[in-house]
Every structure is written in structure tokens, then in C-alpha cells.
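Heads up: the sequence shown begins at 1098 in my numbering, then just goes up one per residue. Where a beta carbon is used, it is the ideal one built from N, C-alpha and C, also for glycine. Computed from a predicted structure; not experimentally measured. Below is one structure, written out as C-alpha cells; comments come after it.
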Amino acid sequence: MSYVSELVLRDPAVARARDALARGESLTQEDSVRLFDAPLLELGRLAGAFARDRHGDRVYFTVNRQLNPTNVCVLSCKFCDYAKRPDDPTAYTMGEREIKAHVDPEIHEIHIVGGLHNKWRFENYLDVIRWVKEVKPDLKVKAFTAVEIDFFCRLTKHDATWVLERLREVGLDALPGGGAEVFSERVRRELFHQKIGARRWLEIHEIAHRMGIPSNCTLLYGHIETRAERVQHLILLRELEARAPGFYAFIPLAFQPGTTGLVRRQASAIEDLRTIAVSRLVFDNVPHVKSYWVMLGQDTAAAAIHFGASDLDGTIGVEKIAHAALARSPVGMAEEAMVHTIREAGKIPVQRDALYGVVKEYQVEDCTLVQ
Ligand code: V47
Ligand code: SF4
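Here you go:
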């Protein structure tokens, strides 16, 4: 017996998805694309039930910091407002003191990503992890996307296994999910033709998983991609997880138009909720779908808890990538606000570290802290 199989649904496409999932079958490309047009609340009920079958009423978050050591980048992806050329007056590169100051003693995860610096060597990137670990040796480090790992391979002329081993030696625990964008050659050619494509991104995460390094994965949506391309992306990730398990969470990243001129406005909140729900149902073997409040905004991120999301990411501190693209969400959220948001959705907040180790499960009385 499961929440999914018990659901009474009217819409034929959502009911079909329920029946397939209840039989333990994954959704096909065609059925998944059709779900985007299903009645919103029926779709949400099915995705919510699916998440509940996996996690009960628990919704996870972490007290973390994002560390972006440099915005200097040798690439120029068309959707990116964050990266700067080395001579740009707003280009920055952090030093040891600034990096160490970022490591708040309260945090349980640090998420490190940044640009592909024209002058840095692999050693500079290793130093970033070393310095973080010097301040807090037990801190869980989620660092460097597959795009950065591929860049390190080219810098060092070594393969990804060698690069990942060196990073693990200095304290890497997991890879973040960035840099995947959309696994569509059409979109890649148009928006980020200098960057690695689907094959290399998937290869690096597969190598990491086989080495016992877990990771996350993302989709950048709400620009020029089609819904069919979103679904294709989810299916490729689902196939990788089946071949070489190791993903913790899938994070749909809502494109922030910023100053790029790629689209006139951001995907609507309804489209965000549909994308979260379809992701939960299609990518049936990933433990969590994250509702990333920085890009969704706090209200949509909270609503997504009823559309299959089981993780709210973290408190973050200062976020730079989405805010360079003019995201209107606050730059950080307090632990109390996270707890409050999850409880308001009728769920149990669980604070985790980067490896989903439980730091604290909040009881009802813990929430009296919160107004
Ligand atoms: O790789 C860049 C994307 C990613 C924009 O692994 C943009 O837990 C929206 O990957 N609008 C970085 N997105 C963020 C990321 C992430 C975030 C939170 C948690 C995790 C995780 C990973 O942001 C980049 C790129 O795909 N990005 N510009 C933009 N204007
Ligand atoms: Fe550089 Fe990443 Fe921005 Fe592309 S998305 S320009 S690789 S920082």
C-alpha cells in the first residue's frame, strides 16, 4: 500500500502515470511531456504522494554557505550574468583570509563553485578546499561542477579519476549539480557552445559515483529549451542513476533573465510547480527533488513542497550567481525561516549535512522559536 496507489484521480494522463509508478515502472518520454498539460493540482497531488512514499512527512534543509572564490571565467555562456573577464572592474578573486572568513562555525555544508580562472592552476583550487578544512575539519565539502572538473583535467593533462582523487585527498565530499544546463545539443550550440556537453557531464558524474563520490544534478529551464528537452534531460539523468547510483538531489534551476536578453520574463510560478512535479515523477530513482528558493522565490519554493519537493537547499548566506542575474529573493535565509516554511507546509523539518546525515529533526516545540 502506498500514497501513490491510493490516490483517486480524474485526469487520464495523471491516472496513467499513477498506475505506471504504482507498478514500479518509469514514465516514458511521451507520457512525461503530456503531464505538463495536466490539471495542476492533480499533478501536484501525485508528485506530493510520490515524495511522501519516499520520505514520509520529512522535508530537508541545511545550514550552509555558498563560496564562489572567483567570478573570473575564460568562458562566456550566453545565459550567465555572473562571469567576468579578468579586466572587468567587477571581477574578483578571493584570497586565503576572505575564504577562511566564509567558514561560519555553525554550518554543516559548504558549496564551492566559481569561474574557470585564466591564471589559476589546479593547486589554487585545491587550496580553496584546504583552507576551508583548516577552519572546520569536519565540514562537509560539496565542490566544483563537472565543468570545473573537466577544466582541471585540461589544466593538469590528467583524467577525471586522477583529478577527483586529488580533490578527495584534500577534503572533497560531494560534487554539486551545476553545469548540466540542458542536455540538448541544439541549446548547447546556441547558448554555451564552448562548454562541455551532455556526454562529458554525464561521464564525469558517472566516474565520481563509481569512485564513491556522491553528487547532485541540475536542469536550467525557462529560457529557450522545450518541455520535451526538459524531459529528455530527466531521462538521461535517470538512466545514469540506474547505471551508477550516487545522486542525492535533482535541482531544477529557474532561469533568471538578468541582463542577458534571452527571454523577456522568467517562467511563471505555475510553470515552476509543473516542472518540480514532473521532475519528481519522471526522475523516480533520485532521492530528492530540491526546491531552490534562491531562484524560485520563497513563496513558490514553499508551495513546491506540495508538488514533490523534499529539500529546500540551505540558508546559504550570500548567494552570487542568481543575484548577479538580478534574482529578487533575499541573499540568505535564517534557520528559523527554513523551519517555519517547512512547518507551514505541514511537514517535519530535518536539518541535514551535505551527505544527508541528519543534524537535527525538529519537534513541534522547536517551532515556538519562530513567529
Ligand atoms: O551551473 C547560471 C546556473 C548553476 C543562471 O548541487 C543560472 O546542491 C539561473 O548549480 N539563472 C549554479 N541559473 C547553481 C547550482 C546549484 C544551486 C543550488 C544547489 C546546487 C546543488 C547547485 O546556476 C550554474 C548554471 O546552471 N545559472 N546563471 C541564471 N541566470
Ligand atoms: Fe563561466 Fe560557468 Fe558562467 Fe559559463 S556559466 S560563463 S562556465 S561561470
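Using CA atoms only, rank isn't needed, just tell me which of the options is closest to residue i.
{"i": "E1368", "options": "R1307, L1138, V1169 and S1123", "result": "L1138"}
{"i": "N1215", "options": "P1183, S1376, Y1179 and V1111", "result": "P1183"}
{"i": "G1358", "options": "G1274, L1423 and A1110", "result": "L1423"}
{"i": "G1276", "options": "A1240, L1261 and R1115", "result": "A1240"}
{"i": "V1415", "options": "V1229, Q1163 and W1259", "result": "Q1163"}
{"i": "L1236", "options": "A1351, T1125, D1201 and F1219", "result": "D1201"}
{"i": "V1130", "options": "K1417, M1435, Q1395 and V1375", "result": "V1375"}
{"i": "D1450", "options": "R1120, L1124, E1195 and I1207", "result": "I1207"}
{"i": "L1299", "options": "A1257, Y1157 and G1454", "result": "A1257"}
{"i": "C1314", "options": "T1323, R1335 and F1147", "result": "R1335"}
{"i": "E1203", "options": "V1105, D1128, T1159 and T1242", "result": "T1159"}
{"i": "E1303", "options": "E1322, A1339 and L1317", "result": "A1339"}
{"i": "T1167", "options": "A1180, V1156 and F1176", "result": "A1180"}
{"i": "G1274", "options": "F1344, D1108 and A1351", "result": "F1344"}
{"i": "G1319", "options": "L1269, V1279 and V1391", "result": "V1279"}
Along the alpha helix (DSSP H) that carries residue i, what are the first and last residues, could you check?
{"i": "E1262", "result": "A1257 to V1267"}
{"i": "Q1291", "result": "Looking at the DSSP string, Q1291 is not in any alpha helix (DSSP H), and its letter there is neither H nor E."}
{"i": "S1102", "result": "Y1100 to E1103"}
{"i": "A1117", "result": "P1109 to A1119"}
{"i": "A1421", "result": "I1418 to A1421"}
{"i": "E1122", "result": "Unbroken run through E1122: none, as it is neither H nor E."}
{"i": "V1436", "result": "E1432 to E1441"}
For residue i, which residues does DSSP report across the bridge?
{"i": "R1449", "result": "V1455"}
{"i": "Q1163", "result": "H1208"}
{"i": "K1181", "result": "V1169"}
{"i": "R1155", "result": "I1445"}
{"i": "L1272", "result": "S1312"}
{"i": "T1190", "result": "T1167"}
Could you give the first and the last residue of the continuous beta strand (DSSP E) run that contains residue i?
{"i": "Q1126", "result": "That residue, Q1126, is in no beta strand (DSSP E); its alpha helix (DSSP H) goes Q1126 to L1132."}
- Item | Within the region 1299-1355, ranges of the alpha helix (DSSP H) (whole runs, at least 4 residues) | 1324-1340
Check: Where are the alpha helix (DSSP H) runs, 4 residues long or more, that stay fully inside the region 1197-1246, in chain order?
Finding: 1219-1232
With a floor of 3 residues, list each beta strand (DSSP E) that falls wholly inside the region 1342-1416, ordered by position along the chain. The region 1342-1416 contains, as complete beta strand (DSSP E) runs of 3+ residues, the segments 1344-1351 and 1408-1411 (chain order).
By C-beta, the residues closer than 5 Å to any heavy atom of ligand 2, given in chain order
C1170, L1172, C1174, C1177, A1180 and G1212
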